[in-house]
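For the record, the sequence lines run as chains A and B.
Residue numbers for the first sequence follow our numbering, so the first one is 7 and each next one is one higher.
Residue numbers for the second sequence follow our numbering, so the first one is 55 and each next one is one higher.
Think of the CB as a built atom: it goes at the ideal place given N, C-alpha and C, for glycine as much as any other residue.
As the structure is a computational prediction, the values presented were derived from the model and not from experiment.
A short write-up of the structure that comes next.
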Amino acid sequence: MRTMLAITLVAGGCTIGWKEYVTDGLLPNGDEPVTVFSEPAHAHGVLLSVSGLDVTVWDGGEKIADWFSLYPLPPFIPLPNHSWDEPGQVHVWLTFRPHRGGWSLSPGRSSLRVGRAPEMPASIWRGRYREGARLEFPKQSAEETMALDGPTDIVMEFAASSPLMETAELQLDGVVLEGHAVRFPAIGLRPRYRMSYDSIP
Amino acid sequence: MTPFREGLPLLACLAASSGCVRTYFDADLRPQRIAQPAALRENAPAFEYELLVATAADRPLPHEDGSSLADRAQIELDDLLKAHGVRPIRHEPGTSGPYVHLTLIRGPRRTMLWAERRTGDASSARRSYDGPSDPVRPELDALLGKMLIDFVPPAPAR
Chain A
7 MRTMLAITLV
17 AGGCTIGWKE
27 YVTDGLLPNG
37 DEPVTVFSEP
47 AHAHGVLLSV
57 SGLDVTVWDG
67 GEKIADWFSL
77 YPLPPFIPLP
87 NHSWDEPGQV
97 HVWLTFRPHR
107 GGWSLSPGRS
117 SLRVGRAPEM
127 PASIWRGRYR
137 EGARLEFPKQ
147 SAEETMALDG
157 PTDIVMEFAA
167 SSPLMETAEL
177 QLDGVVLEGH
187 AVRFPAIGLR
197 PRYRMSYDSI
207 P
Chain B
55 MTPFREGLPL
65 LACLAASSGC
75 VRTYFDADLR
85 PQRIAQPAAL
95 RENAPAFEYE
105 LLVATAADRP
115 LPHEDGSSLA
125 DRAQIELDDL
135 LKAHGVRPIR
145 HEPGTSGPYV
155 HLTLIRGPRR
165 TMLWAERRTG
175 DASSARRSYD
185 GPSDPVRPEL
195 DALLGKMLID
205 FVPPAPAR
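Structure follows, in structure tokens:
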């Protein structure tokens with residue numbers, strides 16, 4: 007049925023529209039990291055760098071609604087989307103690039119604050135080394151510590167409903183160099199929506 | 055060779071000359087002309103610091119030399135600090151003694167420098183300085199000058 011519908015729409019021509027949600031990272035002073043004349047499709051990322059370690063904080067974005075219609079009508083018929091039924095939680099993607107040995111990370115020590123709500127620690131995290139060796143994730147022990155032996159991607163999940171309704175504040179903690187904690191400033195995560203349209207053919 | 059491939063070098067040159075190809079903060083910080091660093095006086099005050107850089111992550115990081123962005127920025131900061139008459143010392147984690155933690159925030163419109171005096175895990179004096187983002191090196195030099203007035207006592211006169 008869905009295939010027939012798709013073939014009919016493609017053969018006869020249709021218009022489609024979709025709404026995306028992205029979370030822009032803000033610099034520690036609240037400034038936007040880049041100047042743009044038109045909002046980009048992807049979210050803004052923030053780089054935090056200390057001697058021997060680069061950390062990138064970013065959000066990949068999420069499509070939250072789709073519409074279609076027969077050409078040349080504007081798209082107004084909604085397409086079911088799994089995000090309607092599954093309220094999401096806030097995900098933050100982090101990339102760690104160590105340039106010296108001795109770095110370790112306790113993901114459970116990072117926290118998120120949304121508005122005036124109390125800080126919430128990361129509830130679940132998962133990730134992989136970039137070279138392809140998978141880490142055994144997800145883990146949920148707040149005290150769990152992993153060595154950052156190479157470039158590592160981590161996704162942290164916080165028990166706050168997504169899409170965010172206001173700017174949240176991410177406090178990256180638990181980054182340790184040879185037993186000494188490294189303090190990072192908090193960075194803002196600001197929600198943004200983006201509408202896009204297209205037509206087939 | 056296809057016309058597209060033949061045109062690639064030309065496109066790259068045009069993009070570079072028009073400023074479309076952006077560089078990271080450390081590259082922007084490097085001086086346009088290599089000048090001989092000013093000689094430090096014997097009694098130049100020491101300035102022990104550690105640096106954290108925050109900026110946009112809107113393009114891939116360079117891989118070339120296995121150093122972090124902060125490591126590369128520190129090379130330029132050391133030069134600027136020496137020009138201000140202080141002897142920069144990079145703080146190593148775990149060492150005791152007071153030092154200044156610098157947070158350098160490079161945004162598209164302004165550069166901010168947060169300075170915080172720390173001893174171990176305790177922090178005391180905090181100051182914030184900001185100025186325009188461009189031109190990068192002179193503006194950062196001006197911020198460092200203001201910060202040093204607050205955080206480094208003047209050297210005793212001979």
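Starting from the beta carbon of residue i, find every residue of chain A whose beta carbon is closer than 8 Å, and list them in chain order.
i       : result
E104(B) : V56 and S57
For residue i, decide whether its Cβ has a neighbour in chain A, counting only Cβ atoms nearer than 9 Å.
i       : result
G73(B)  : Unreliable positioning characterises G73(B) in this predicted model, as indicated by a pLDDT of 43, which lies under 50. The coordinate reading is nonetheless provided below. So, not an interface residue.
V107(B) : yes
S122(B) : yes
D82(B)  : no
H155(B) : yes
R181(B) : no
R191(B) : no
D184(B) : yes
D188(B) : no
A100(B) : no
Measuring CA to CA, which of the options is closest to residue i?
i       : options                               : result
R95(B)  : D175(B), R141(B) and R180(B)          : R141(B)
A127(B) : W131(A), E26(A), V188(A) and D60(A)   : D60(A)
A128(A) : N87(A), D72(A), Q177(A) and T173(A)   : Q177(A)
W131(A) : G121(A), L183(A), V120(A) and T151(A) : T151(A)
G51(A)  : L32(A), G58(A) and S75(A)             : L32(A)
A153(A) : R119(A), W109(A) and T173(A)          : W109(A)
W73(A)  : T21(A), D65(A) and G94(A)             : T21(A)
L85(A)  : P78(A), A71(A) and P197(A)            : A71(A)
Please decide whether residue i counts as near chain B, where near means a Cβ-Cβ distance under 9 Å.
i       : result
A187(A) : yes
R103(A) : yes
G31(A)  : yes
V40(A)  : yes
I193(A) : yes
P34(A)  : yes
F74(A)  : no
F190(A) : yes
What in chain B is Cβ-close to residue i, meaning under 9 Å?
i      : result
V52(A) : A108, T109, A110 and A111
D4(A)  : No answer is possible for residue 4(A): it lies beyond the span of chain A, which begins at 7 and ends at 207.
For residue i, which residues in the same chain have their Cβ closer than 6 Å to its Cβ, ignoring the five residues on either side in sequence?
i       : result
W168(B) : T157 and S182
R115(A) : D179 and G180
E68(A)  : Y27
E104(B) : H145 and H155
Y203(A) : G23
Going along chain B, which residues have a C-beta under 7 Å from residue i?
i       : result
W64(A)  : A111
L100(A) : Neighbours of L100(A) on chain B: none; closest Cβ ~11 Å, over 7 Å.
D60(A)  : L115, S122 and L123
Going along chain A, which residues have a C-beta under 9 Å from residue i?
i       : result
G148(B) : L183, E184, G185 and H186
D132(B) : Those do not exist, as D132(B) stays about 12 Å from chain A at its closest Cβ, beyond 9 Å.
Which residues does DSSP list as the beta-bridge partners of residue i?
i       : result
S129(A) : Answer is none; S129(A) lacks a bridge partner.
Y103(B) : R144(B) and V154(B)
D30(A)  : R196(A)
E68(A)  : Y27(A)
Apart from the five residues on each side of it in sequence, which residues of its chain come closer than 8 Å, Cβ to Cβ, to residue i?
i       : result
R172(B) : P152, Y153, V154, H155 and S178
S72(B)  : Because S72(B) sits at a pLDDT of 43, beneath the cut-off of 50, its placement in the model cannot be relied upon, and the following sentence gives the value as read from the coordinates. For S72(B), where only same-chain residues beyond five positions count, there are no Cβ hits under 8 Å.
T165(B) : L158, I159, D184, G185, P186, S187, V190, E193, L194 and L197
V182(A) : W109, S110, L111, S112, T151 and V188
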